[in-house]
Amino acid sequence: MDSNVKKVFEDAFRQLSEIIFKWKYENEERGDVHLHNVIKRKWVSQNDLLNEFPLVKLFLLLTIHSDMLYHYKLLAFTSHCGQNSLMESISAGVPLICIPLFADQFRNATMAKNGNAAVILNRENLTAVGLSSSLKTIINEER
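Numbered according to this note's numbering, the sequence shown spans residues 1 to 143.
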């Protein structure tokens, strides 16, 4: 994730301070987010999701193993919307925020949106306002 996209996510998370976000990062320099509502991890296990959070609202920022999608605190997750992420999300009934990057991800994201299971964001013009608005839409609307 480049620094501009990372900043967009940080700003959106700052605007949604009542929601706990879990941020998976690949290397230490990408894990330098310092917000009270962001929990940073190099890896996210199902046990973390089941036992770590006393709060009701949780948004997960990563493509995750399908077992984690069934946790009642998980309201949505962000994905590039590859085939596996799409199928796991639909199977678990968890809505997506799709940020497709290439290949079939654009088609998958469109299918999910048409099925009222996703909101699509364009990575090239991603903004904190657009991301936080999409998160609010996913969290607050009946699906």
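Glycine is no exception: its CB is placed at the ideal position from the N, C-alpha and C atoms.
- Taking the CA atoms as reference points, GLY82 sits about 5 Å from GLN105.
- Judged by their CB atoms, ALA109 and PRO95 are not nearer to each other than the 9 Å cut-off.
- Rounded to the nearest whole angstrom, the CA to CA distance from VAL33 to SER3 is 11 Å.
- Under the 10 Å beta carbon count, PHE102 is surrounded by fewer than 16 other beta carbons and is classified as exposed.
- In this structure, THR127 sits away from CYS98, with a CB-CB distance that is not shorter than 9 Å.
- For LYS40 and GLU10, the gap between their C-alpha atoms comes out near 12 Å.
- Secondary structure at LYS24: strand, using DSSP grouped into helix, strand and coil.
- Close CB contacts of LEU35 within its chain, under the 7 Å cut and outside five residues either way in sequence, are with GLU10, PHE13, ARG14 (chain order).
- The beta carbon of ILE139 lies closer than 6 Å to those of LEU75 in the same chain, with the five residues before and after it left out.
- By the criterion of a C-beta distance shorter than 7 Å, SER134 is surrounded in its chain by ILE97, VAL119, LEU121, once the five residues flanking it on both sides are discounted.
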